[in-house]
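Asker:
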Amino acid sequence: MNMPEGYGTRLSRTLTMSPDPVVYASDATWQAERRTVFAATWQYVGDARKLTLTGDHLAASFAGYRVIVVRQADGSLKGFHNICRHRAAPVIETDGYGRSAVLTCPYHRWAYGLDGGLRTTPEFGEVAGFRCEDHGLLGVHVDVWREHIFVHLGDEPKPLEKALIDMPGLVGDRPLERCTLYDSWFIDFDANWKVYLENYVEGYHVPSVHLAFNAELEPGSFTTKAHRNTITMRADAKAGGLYEGLWTWTWPAFTLVLFHGGYDISRICPISPEKTRVHFDIYVDPKADLSDEQKAATSKGVRDLVAEDMAISEAVHANLASGVFPGGPLSPRHEEGVALFHDKLRAAGVA
Ligand code: FES
Ligand SMILES: [Fe+2]
């Protein structure tokens, strides 16, 4: 979907309303967006720099899907649904990074090779017509953008570069690859993922919700721009501030923020219509010589901001779910990112 330039102009010409509030709490919408949004787009799942040796793997979850990505002996990455082909237990019980020579299901010890092929089925017994080669792990597509691993659950995905089409122009030659993971965590909260994202892609709330953060920005400098598949927010940081002033969100659930000496990534993972988990990874550039205090302040700054965003998202979600709110108008000055997000939802058939 190509977005015309001047997306905000369209909002000023035509009163644009947010979607029917039912889409934030409905189970039918949730099931539809699992399929038409999260299983039909590239999802960032982790750091390729942590999968260096044969058998290194990561397990990740989003929107009710669980996946595994495994470094192969030939250096390539393969991805699978984290579902044992016997009776559907997760082959890797806990999300995160690990290393194995074989992938052994913890339920009845079926063992899979790193290529996903079923190798052994201890104590299973003889069954006419059963062949290990018919019961390998179900594959998913894997691709890597600048050391960041993405998976796609669909049959014939468009190339990852198309999903990230705006990123090269935004990130440029920043040395992402040489950065190292400094901090990583996730937070669960009680709001629909779309409520959190609508908040993420507008700076309208910054002066009122993020008082400490706002004090580090030049007044009135916050701007939002809709690109083809990404929304950027920029602001001028006051001298000596931590923030470099480029925040990006890419449809549907990937954010990348540049700051002095590094960047952070988050992935927004719905758990149910009313629960969301957001994972954060903060990377720092070893050549930037950030002090321990600066790194810690960056990490704390992200945590503080997010706590404020989650609190307002929970309150908004509760009101959306109350059935009273009739929908509201979008600001041409501040909410073109929200409008683009809504258009993407509509194009996916879920708003
Ligand atoms: S479910 Fe995995 S071995 Fe039974
Ligand atoms: Fe915010």
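Under the numbering used here, read the sequence shown as residues 1 to 351, first letter to last.
Even for Gly, the Cβ is constructed at its ideal location relative to N, Cα and C.
Less than 8 Å between the C-beta atoms of Phe186 and Val278, yes or no?
Answerer: As a first step, residue 186 is located in the sequence shown; it is residue number 186 there, counting from the start. As a first step, residue 278 is located in the sequence shown; it is residue number 278 there, counting from the start. Yes, the pair counts as a contact, with Cβ atoms nearer than the cut-off.
Asker: Where in the region 70-141 do unbroken runs of the beta strand (DSSP E), each at least 3 residues long, occur, reported from the N-terminal end onward?
Answerer: 77-81, 96-99 and 118-120
Asker: Beta-carbon within less than 6 Å of Ala59's beta-carbon, same chain only, minus the 5 sequence neighbours each way: which residues are those?
Answerer: One-based indexing of the sequence shown puts residue 59 at position 59. Correct list, in chain order: Ile68, Asn82, Ile92 and Asp95.
Asker: Over the uninterrupted beta strand (DSSP E) stretch that includes Glu244, give me the two end residues.
Answerer: Working through the sequence shown from its first residue, we reach residue 244 at position 244. Looking at the DSSP string, the run of the beta strand (DSSP E) that includes Glu244 is Tyr243 to Thr250.
Asker: Have a look at Ser18, Thr104, Arg13 and Thr14 and flag the residue whose alpha-carbon is nearest the alpha-carbon of Lys344.
Answerer: Reading the sequence shown from its first residue, position 344 is the one you call residue 344. Selected option, being the one with the closest Cα: Ser18.
Asker: So is Met3 buried or exposed if we call it buried at 16+ other beta carbons inside 10 Å?
Answerer: Position 3 of the sequence shown holds residue 3. For Met3, the predicted structure reports a pLDDT of 46, less than 50, and the residue's modelled location is therefore unreliable. The matter cannot be settled from this model.
Asker: Can you tell me whether Lys158 is helix, strand or coil according to DSSP?
Answerer: Counting from 1 along the sequence shown, the entry for residue 158 is found at position 158. Three-state DSSP puts Lys158 in coil, outside helix and strand.
Asker: For the candidate residues Arg333, Asn214, Cys105 and Met233, whose alpha-carbon lies nearest to that of Leu305?
Answerer: Here the question's residue 305 lines up with position 305 in the sequence shown. Nearest option by C-alpha distance: Asn214.
Asker: Over the uninterrupted alpha helix (DSSP H) stretch that includes Trp193, give me the two end residues.
Answerer: Mapped onto the sequence shown, residue 193 falls at position 193. Start and end: Trp193 to Tyr200.
Asker: Can you give the Cα-Cα distance for Arg303 and Glu123, rounded to whole angstroms?
Answerer: Within the sequence shown, the letter at position 303 stands for residue 303. Within the sequence shown, the letter at position 123 stands for residue 123. A straight line joining the alpha-carbon of Arg303 with that of Glu123 spans about 49 Å.
Asker: Is it the case that the CB of Asp309 approaches a heavy atom of ligand 2 more closely than 7 Å?
Answerer: In the sequence shown, residue 309 corresponds to position 309, counting from 1. The answer is yes for Asp309.
Asker: Provide the residue span of the beta strand (DSSP E) that contains Pro270, from first to last.
Answerer: Here residue 270 is taken as the residue at index 270 of the sequence shown, counted from 1. For Pro270, the enclosing beta strand (DSSP E) begins and ends at Gly262 to Ser272.
Asker: Beta carbon of Asn214: closer than 7 Å to some heavy atom of ligand 3?
Answerer: In the structure shown, ligand 3 is absent; the only ligands present are ligand 1 and ligand 2.
Asker: Who does Asp166 pair with in a DSSP beta bridge?
Answerer: Residue 166 sits at position 166 when you count from the first residue of the sequence shown. Partner(s): none; Asp166 has no beta bridge.
Asker: Three-state secondary structure (DSSP) at Met3?
Answerer: Against the sequence shown, residue 3 aligns to sequence position 3. Because the pLDDT at Met3 is just 46, under 50, the model does not fix this residue reliably, and the value given afterwards should be weighed accordingly. In this structure, Met3 counts as coil in the three-state DSSP scheme.
Asker: Between the alpha carbons of Met1 and Ala237, how many angstroms are there, rounded?
Answerer: Locating residue 1 in the sequence shown gives position 1, counting from the first residue. Locating residue 237 in the sequence shown gives position 237, counting from the first residue. Here the model assigns Met1 a pLDDT of 44, short of 50, so the residue's position is not dependable and the matter cannot be decided.
Asker: First and last residue of the alpha helix (DSSP H) that includes Ser184?
Answerer: Locating residue 184 in the sequence shown gives position 184, where the first residue counts as 1. Note, Ser184: premise wrong, no alpha helix (DSSP H); beta strand (DSSP E) at Thr180 to Phe189.
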